[in-house]
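A short worksheet on the structure shown next.
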Amino acid sequence: MLILIIDQVDSTELKSRLQVRANHPVPVDQRVAYFEISIHSTGANSLIGIGFCNEDSPCIGMPGWGKGSWAYHGDDGKLFLEKGQGVQYGPTYGAGDVIGCGVDNENNEMFFTKNGVSLGKWLASNAPKGRLFAVAGIGDEGVHISVNFGPSGFLYNRKR
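Sequential numbering from 1 applies to the sequence shown in full-length UniProt numbering.
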């Protein structure tokens with residue numbers, strides 16, 4: 001199991017929204033790519049985003065706001081597809097939650113989970129194309145998340 005920890009504790013360090021992306025893309029022959037974030041603490045607004053981006057996506061702002069990325073945000077429960085206006089997708093999330101993000105390349109679908117429960121599928125035909133990278137973003141001081149790239153130990157079980 002590979003785990004990455006992002007710990008943003010001080011507003012003097014938070015100059016703008018912070019994104020971190022995986023350093024390896026989803027393998028093109030991988031049917032389903034999935035990862036989870038565990039949220040240990042949040043800032044005042046729970047401004048956290050999880051999703052996928054392509055290699056041309058800018059690493060500024062929140063995931064999903066810019067070209068080449070899509071993400072599910074915790075502060076409003078919206079799905080953002082390459083622009084700053086989202087569409088309602090699921091519940092809000094914050095401290096104590098485990099949020100998962102997956103892309104099903106075979107069925108051209110993306111999906112998210114909250115605490116191991118699927119929030120439903122979304123057609124990925126309008127999602128960014130190209131090599132996809134897992135991405136997480138934070139926009140508040142006091143945020144502490146860990147990212148689990150698996151392959152074991154996920155809260156969500158696709159086979160249920």
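Glycine is no exception: its CB is placed at the ideal position from the N, C-alpha and C atoms.
Quick caveat: nothing in here was measured; it's all calculated off a predicted structure.
I'd like the span of the beta strand (DSSP E) that includes residue i, first residue to last.
i, result
"residue 132", "132 to 138"
"residue 62", "That residue, residue 62, is in no beta strand (DSSP E); it is neither H nor E in DSSP."
"residue 121", "117 to 123"
"residue 73", "69 to 73"
"residue 188", "There is no way to answer for residue 188, as the model of the chain reaches only from 1 to 160."
"residue 100", "98 to 104"
"residue 154", "Looking at the DSSP string, residue 154 is not in any beta strand (DSSP E), and its letter there is neither H nor E."
"residue 83", "Unbroken run through residue 83: none, as it is neither H nor E."
Taking buried to mean at least 16 other C-beta atoms within 10 Å of its own C-beta, is residue i buried or exposed?
i, result
"residue 92", "exposed"
"residue 60", "exposed"
"residue 68", "buried"
"residue 85", "exposed"
"residue 27", "exposed"
"residue 158", "exposed"
"residue 148", "buried"
"residue 161", "Residue 161 lies beyond the range of the chain shown here (1 to 160); nothing can be said about it."
"residue 5", "Bear in mind that a pLDDT of 49 at residue 5, under 50, signals an unreliable position, so the number given afterwards is only what the model happens to contain. That one is exposed."
"residue 43", "buried"
"residue 108", "exposed"
Candidates the options: which alpha carbon is nearest residue i's?
i, options, result
"residue 74", "87, 32, 29, 109", "87"
"residue 52", "38, 39, 23", "23"
"residue 30", "154, 131, 139", "131"
"residue 72", "82, 50, 85, 84", "50"
"residue 154", "56, 47, 80, 118", "118"
"residue 62", "137, 156, 106, 149", "137"
"residue 110", "81, 124, 80", "124"
"residue 41", "57, 17, 21, 141", "141"
"residue 99", "44, 116, 133, 57", "116"
"residue 95", "143, 104, 79", "143"
"residue 38", "146, 150, 156", "146"
"residue 82", "104, 76, 105, 58", "58"
"residue 104", "20, 120, 77, 66", "120"
"residue 19", "66, 77, 33", "66"
Would DSSP call residue i helix, strand or coil?
i, result
"residue 30", "coil"
"residue 46", "coil"
"residue 24", "coil"
"residue 113", "strand"
"residue 161", "It is not possible to answer for residue 161, since the shown part of the chain is limited to 1 through 160."
"residue 51", "strand"
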